[in-house]
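**Q** Numbering (this note's numbering), first residue to last: 4 to 82.
Here's what the structure looks like:
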C-alpha cells in the first residue's frame with residue numbers, strides 16, 4: 004500500500020529497538036530543510052509513542068502514523 008501523504012525523505016529504522024529509531028530520526032531530521040516531511044519506517048511498536056513525545060519536545064509536528072503487517076510508518080514535519 005502506498006502512503007497517500009507526500010514526504011520529502013524516508014528513514015528506515017526497521018529492526019532497531021528504542022531508543023535507536025529516535026536517535027536515527029533526530030540525526031536525519033537535522034539534515035532536512037525547515038517544513039520538510041519525513042517518513043519514518045520502524046518495526047518496534049514502542050517507537051510510535053516515543054516519536055510523538057520526541058516531536059513535541061523538539062518542536063516538530065507529528066502528522067500521522069499507520070501500521071501495515073509488521074511495519075509501522077510515521078510522518079513528521081520539521082519545524
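Backbone N, C-alpha and C define an ideal beta-carbon position, used for all residues, glycine too.
All values derive from a computational prediction rather than experimental measurement.
Starting from residue 31, follow its DSSP beta bridges and name the residues at the other end.
**A** DSSP lists no partner for residue 31.
**Q** Measure from the alpha carbon of residue 49 to the alpha carbon of each residue in 82, 17, 9 and 62, then state which is nearest.
**A** That would be 17, whose Cα lies nearest to the Cα of residue 49.
**Q** Quick check on residue 29 - is its C-beta less than 8 Å from some C-beta in chain B?
**A** Of the chains in the structure shown, none is chain B; there is only one protein chain.
**Q** Within this structure, are the beta carbons of residue 2 and residue 78 separated by less than 8 Å?
**A** In the structure as shown, the chain starts at 4 and stops at 82, and residue 2 therefore has no counterpart that could be examined.
**Q** Compute the beta-carbon to beta-carbon distance between residue 20 and residue 41, rounded to the nearest angstrom, for a pair I have assumed lies under 8 Å.
**A** In fact, because the Cβ distance is near 20 Å, the residues do not count as touching under 8 Å.
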